[in-house]
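Chemist: First the structure, which I've put down as structure tokens, then a few questions once you've had a look.
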Amino acid sequence: MSAPALHLSDVQKNFGPTPVILGVSLDVSAGSRHAIIGPNGAGKTTLFNLISGRFPVTTGRIELHGQRIDGLPPHEINRRGLSRSFQVTSIFPRMTVFENIRCGLLWSRGYRYSFWHLLGGQRALNDAAARLLADVNLEARRDVPAGLLSYAEQRALEIGITIAGGADTVLLDEPTAGMSRSEADHAVALIRRITAGKTLVMVEHDMSVVFDLADVVTVLVYGQVIASGPPAEIRANRAVQDAYLGVPAAGSGVGIA
Amino acid sequence: MSESAVRTATRPLAAEGAAGLLRREWPWLAALTFAVIVPWFFFDWTTGRHSGFIVSVLSQIGIMIIFALSYNMLMGQAGLLSFGHAVLLGLGGYVTAHVVTAAKGGAFPLPLELTPLVGGLGGFGFAIVLGYFATKQRATAFAMITLGIGELITSCALMFQTFFGGEGGVSTNRMTGHSLFGLGYGPPIQVYYLIVAWTAVSVAAMLLLTRTPLGRMANACRDNFERAQFVGYDPRMVRFVQFALSGFFAGIAGALYTLTYEIVTYDTVAAPMSANALLMTYIGGVGVFAGPVVGAVLVVLLQSWVSLLSNSWLVYAGVLFILMVTFAPGGLAGLVMMHQPIWRAGRLGRLAGPYLRLLGPVLLVLVGFVLAVELCSFLTIGTAQGKTLTLSRITIDPHGGPPWIVAGLLLAAGGLWLRHAMRGLATAWQAVTEEIKTPELRA
Amino acid sequence: MEVLLVSLLNGLVYGMLLFMLASGLTLIFSMMGVLNFAHASMYMLGAYFAYSVSRVIGFWPALVVAPALCGALGALIEMYALRRVHKNGHIAELLFTVGLAFIIEKAVQMAWGLLPVPYRVPAALDRALFHVYGSNFHAYRGFMLLISVLMFFAIWLLLTRTRIGLVIQAALTHPEMVGALGHNVPRVFTIVFAGGSVLAGLAGVIGGNYLVTEPSMAATMGPIVFVVVVFGGLGSLAGCFVASLIMGLVQTFAVVLDVSLADLLARLGVTVASTNPLAEVLTIPLPRVGALLPYLMLILVLLIKPRGLMGTRDT
Amino acid sequence: MLAVRDLHAYYGKSHILQGVNLEVRAGEIVSLLGRNGVGRSTTCKAIMGLVEPIGEVLWKGKSIAGLRADVIAHAGIGYVPEDRQIFPTLTVRQNLELGQKRAGRFGRWTFDDMFALFPHLRERQHNVAGVLSGGEQQMLTMGRTLMGDPELVIIDEPTEGLAPMLVIQVGRFLDEIAHRGVSILLVEQKLTIALKISHRVYVMGHGRIVFEGTPADLAANEAVRKENLEV
């Protein structure tokens, strides 16, 4: 069995005095679709920031396909095939939508820091960018500065940039946040199609998206993993429901959908 | 300069090539032809020579265009605010001076036409050394390191003799006798055309640079350096390469400076020159590629014309800066761009009226302000230098009452009228923008 | 030995003067988030106002009037101009102060002429305070030290013990929240900007006659104050205090120690041949290199610790 | 007491609030629920004048839209931000002091009330606020806003990132201030608290209010919960 796409062993993170991640150990097998759920402020985004190298780990190890990546700068990790999106949309606002997507492609197509290639003439690159633009359904907004897009369109662009680099491990942080039902459905279909054969790790609040897409679900509460397994098992898990609702609500009868 | 180039590339290149280039880049070609023919308007047929003042101003404009554009490679393209860009210009100039002197001494037959390349490589080399340290940081820390480097090199220039020639600087003689076209480069007009050639080459190169992977990633790092990291680019390396290339073009400007004035002193590396780069680029417009060109032309013209008449250029530059920063942060090019949606919707005519009404009060305030400034300046500095304030042959006594009253009146009346006209313009602008709510803005 | 003690004292005096200038700049930076290029101009104005006022009503009243004038000017600038530029972003604010510095420099030349102004140390303090090992310590330097130390405690007490001080400290990091709690934040910004100008003005009053009062004094002092503020750590008063002292001592000792790199190498047994291309660099004596040191230190510290000695924020 | 009609707001060019209408009557507890990114925090900031509001915001019949935040605070509205924004360099007690509109003027709440509500803060009152834990910071920011004696408190996601035990304490805090006659506009993620203590509930969809009613109505309305709320 090849090394897991992602292997976390006893990862801890403190911000000043307050511990945020209290020893998380997690394996994501290659090619699997893994969802991380948990109440607001449980440390999901912080975990993504540790894996992607945005924040240094306080203690513990993170491995990508068996190679240690904790401590590497984000661009090194990205070049090894791990790409991530952000919970708070992070795009290039003053560049057009087409250019945003193309920036995501540049490194993987080997252009590196070239100042001798004229991008206008790079037919293969531009066609690939155009295809991606169609995938994320933003063709109509091709030459619009990304800052002018609506919230949901920016989220779609965010996903486009993340998958542009062709990374085999994709981390998506609340990809459907703020989207309407129809927009979310389209995004889910896109994610399914684009990450076929790749390893997907996703933070998501919308339970229908989670149970629709994920084959493994990990529940993170207050910086600790309290359960991990196939969706059906998690849904039935009593501890998860309590932790999730905070105090078991008396009489409101609202459980996990 | 949006990505229309992509569409033309898909059609057969040969037939499209020339026409497409012309259609898209006509402003640049028009500017180039203008630069070539303008000295001949000032040609004195009797003596068979061009007016020295005009040629020197035009040469300075050419040099400053390259310098301002190289500065905008950092500020506008990569979002890096540098307070020491003059260092790259000056060092390029010093290198050229030494190389030209060596070439004249017969060490190696370097044609003068290629010396700007030498200056460029000098600038490039120093930019790599200085850039290695400066681009480790960004934003304020970067700005402070460049300020430090600027002051450091300026002090060195004053102190060390061998390379910088100390207070006196390094002089050289451009007539090395080596030239590709057999030109002696004695008369300044020949140097001017060399400058025009190099300016055209540099502008084209920097324009194309904005369409390369590095150029685009520099914009990406400006907008959101964290996202750039997550698409595989090390923002520090992007800043470093961009800084080095910017040093190359600043070096070319430095070389042309040396060829024009045949002397390089510490003020080519000092803070005022860096402030000049900032002034030209910001007033021209940081967000538009051609902005710094407009800024360079305007600032050089203003500077050379005003310094002829008065010695308070600094006040005018300061006021110009403050007005631009408060009312037009996007610079002149930014202002023009703001009118683009209205122009595209064909409603620009509606604004013509308010703009014309604006002209009167602006002139009034301008005259009042200049009068007041000149009165003050002649009150103290003028008397010290024994000059008197003459306005079209009427000598005005700064100590007397009336001139001050006139200045005060002009300013007050002009100010009120201006405020009224501005309000008129604002309402007209509001009405027009309301009408043409472009589809993109409607979410 | 006595050279050491005297230079130590002089270094302290110069350091404290730098602190008075730099402290105002650090406060304004933590509030505006951008460096105020016109701060050294306020220092210059303080000296010139003191010169004019002291000629009319004497040095002691000028000690109060001149900084007050600078404060008033600072308040006007913040309220009627800087506040409007705020919405155009940090770079616009910074360039506004650059334009302002241009105007003030020229206005001073117009008002007081191009040549240095004879702004002298007041007679009462123009004598030796005490002798140390044969050379005497000038009374005026003692006075400067006294004023700057008093100023240091005044700022410290104001910021930590008074309500307005707490509001300022809070507004420096969370202006929006302070507003939402019912405090008039724009007024706080004006107070901080005016306060910074008062400090710079006061530094001008007591520094102007000690050094030289001339139109280019802002341009010479400006970069050094930037170095101190950034070296100490942007936004940190304590860092600014330490950095000012270090800079004061370095500048003073550099002038005193007449030694060059070549001498040091010679002590290590390496003689520098005059033909060696670096000969000039190695043989240049320290006093002449004094002007370089602050910038060398700035670049070094920014590379090792981008936030400076005790900085809290880097942009 | 507070009436918001057809409120719009923009961040740069993106149109976040697309016509929000809501009301809070005297002594009432109203909850504002909805997904991340639908504009709940923006609504609070627009009312508080921290973001430029386009539309009508009436406080006791008088329009306060677009006034400066401190003027609105003086009118009697308190605001507890989602990211707490405690003043790290000041002590806990000094943070509370800054909550008071005038020096030494105590409205309904004195220091002792605060320390009674949050015993933890009494021992830590002279510590610098920067070293407090997440929960303690949440208590401090709520206490600080109360010190200004507001008639209406807008609280943005007080339970975010808090351990279950602390969530209970926040619930108790909300009950306490309601009893002392302070109206509350609560923006919350967890349905538990919101449904338990609110008189009325709004649910926000895409920059717009998509549901208004009592907690019981919401519990019964499967569709709205499915579309707009995640658990």
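Chains as they are written, first to last, in the numbering used here: chain C, 1 to 257; chain X, 258 to 700; chain B, 701 to 1015; chain L, 1016 to 1246. From the three backbone atoms N, C-alpha and C, an ideal C-beta is built for every residue, glycine too. Owing to the predicted nature of the structure, the values given are computational and were not obtained by experimental measurement.
1. Can you tell me which of C:Ile234, C:Trp107, C:Leu105, C:Gly66 puts its alpha carbon nearest to the alpha carbon of C:Ala214?
2. Are the C-beta of X:Lys393 and some C-beta of chain B separated by less than 8 Å?
3. Among the candidates X:Leu409, X:Ala343, X:Asn476, whose CA atom is the shortest distance from the CA of X:Pro492?
4. So the alpha helix (DSSP H) C:Gln154 belongs to, where does it begin and stop?
5. In the DSSP assignment, find the unbroken alpha helix (DSSP H) run with L:Asn1110 in it and report its ends.
6. Taking C-beta pairs closer than 9 Å, name the residues in chain B that L:Ala1118 reaches, listed in chain order.
7. Beta-carbon within less than 7 Å of B:Phe926's beta-carbon, same chain only, minus the 5 sequence neighbours each way: which residues are those?
8. To the nearest whole angstrom, what separates the beta carbons of L:Pro1165 and L:Val1197, a pair I think is in contact under 8 Å?
9. Exposed or buried, what is B:Ala687 when buried is set at 16 or more other beta-carbons lying within 10 Å of its beta-carbon?
10. For B:Arg784, decide whether its Cβ has a neighbour in chain X, counting only Cβ atoms nearer than 8 Å.
11. Give the DSSP-derived three-state secondary structure of X:Glu260 in the structure shown.
12. Assuming X:Gly508 and X:Gly380 make a contact with CB atoms under 8 Å, what is their CB distance in whole Å?
13. B:Tyr743: which of B:Phe729, B:Ile757, B:Gly771, B:Met731 sits nearest, CA to CA?
14. Please report the residue range of the beta strand (DSSP E) in which C:Pro19 lies.
15. Helix, strand or coil, according to DSSP, for X:Trp302 in the structure here?
16. With H, G and I counted as helix, E and B as strand and the rest as coil, what does DSSP make of B:Phe837?
17. If I measure Cβ to Cβ from C:Pro73 and keep anything under 7 Å in the same chain, skipping five residues before and after, which residues do I get?
18. What does L:Phe1226 pair with, by DSSP beta-bridge criteria?
19. Which residues in the same chain have their Cβ closer than 7 Å to the Cβ of C:Leu132, if we skip the five residues on either side of it in sequence?
20. With C-beta atoms as the reference, is C:Glu258 less than 8 Å away from C:Phe86?
21. Find the residues of chain B that neighbour X:Val576, judging by a C-beta separation of less than 8 Å, and give them in chain order.
22. In the DSSP assignment, what are the bridge partners of L:Gly1049?
23. Using the Cα positions of L:Ile1170 and L:Gly1042, report the straight-line distance between them to the nearest angstrom.
24. Under 8 Å by Cβ, that's how I've got L:Ala1024 and L:Glu1067 pegged, so tell me the actual separation to the nearest angstrom.
25. When you compare the CB positions of C:Arg142 and C:Val97, do they come within less than 8 Å of one another, or not?
26. CA-CA distance, X:Lys393 and L:Gly1145?
27. Could you tell me which uninterrupted alpha helix (DSSP H) segments, each at least 4 residues in length, are contained entirely in the segment 782 to 861 of chain B, listed from first to last along the chain?
28. Closest Cβ-Cβ distance between L:Asp1128 and chain B: below 8 Å?
29. Sort C:Glu63, C:Ala124, C:Gly166 by Cα distance to C:Thr195 and report the nearest one.
30. So that I know if they touch, is there some Cβ in chain L lying closer than 8 Å to that of C:Gly23?
31. The segment 862 to 894 of chain B: which residues have C-beta closer than 8 Å to a C-beta of chain E, in chain order?
32. Look up L:Asp1171 in the DSSP assignment and give the residues it is bridged to.
33. Is B:Asn710 helix, strand or coil by DSSP?
34. Which two residues bound the contiguous beta strand (DSSP E) that contains B:Tyr751?
35. Between the alpha carbons of X:Gln486 and C:Gly81, how many angstroms are there, rounded?
36. Have a look at B:Leu846, B:Leu968, B:Ala738, B:Ala938 and flag the residue whose alpha-carbon is nearest the alpha-carbon of B:Leu1009.
Modeler: Taking the structure as given:
1. C:Ile234
2. yes
3. Checking every option, the nearest Cα to that of X:Pro492 belongs to X:Asn476.
4. 151 to 164
5. Start and end: 1107 to 1114.
6. Arg863
7. Leu735
8. 7 Å
9. Residue 687 of chain B lies beyond the residue range present for chain B, which begins at 701 and ends at 1015; the question has no answer from this structure.
10. It does; some Cβ of chain X falls within 8 Å.
11. Confidence is the limiting factor: at X:Glu260 the pLDDT is only 42, short of 50, which leaves the residue's position unreliable, though a coordinate-based value still follows. The answer is coil: DSSP assigns X:Glu260 none of H, G, I, E or B.
12. X:Gly508 to X:Gly380, Cβ: 2 Å. Contact.
13. B:Gly771
14. Counting along the chain, the beta strand (DSSP E) containing C:Pro19 begins and ends at 18 to 28.
15. In the structure shown, X:Trp302 adopts coil according to DSSP, grouped into three states.
16. strand
17. Gly53
18. L:Val1218
19. Only residues of its own chain outside the window of five on either side were considered, and among them Ile101, Gly160, Ala164 have a CB closer than 7 Å to the CB of C:Leu132, listed in chain order.
20. Because chain C in this structure spans residues 1 to 257, residue 258 of chain C falls outside the shown range and cannot be described.
21. Gly799, Ile803
22. As computed with DSSP, L:Gly1049 is found in a beta bridge with L:Met1219.
23. 15 Å
24. 7 Å
25. yes
26. Their Cα atoms are separated by approximately 30 Å.
27. You should have 790 to 812, 839 to 861.
28. no
29. C:Gly166
30. For C:Gly23, the answer is no, since every Cβ of chain L falls outside 8 Å of its Cβ.
31. Among the protein chains in the structure shown, which are C, X, B and L, there is no chain E.
32. L:Val1202
33. Three-state result, B:Asn710: helix.
34. Counting along the chain, B:Tyr751 falls outside any beta strand (DSSP E), though it belongs to the alpha helix (DSSP H) covering 739 to 757.
35. Near 13 Å, if we compare the C-alpha coordinates of C:Gly81 and X:Gln486.
36. B:Ala938
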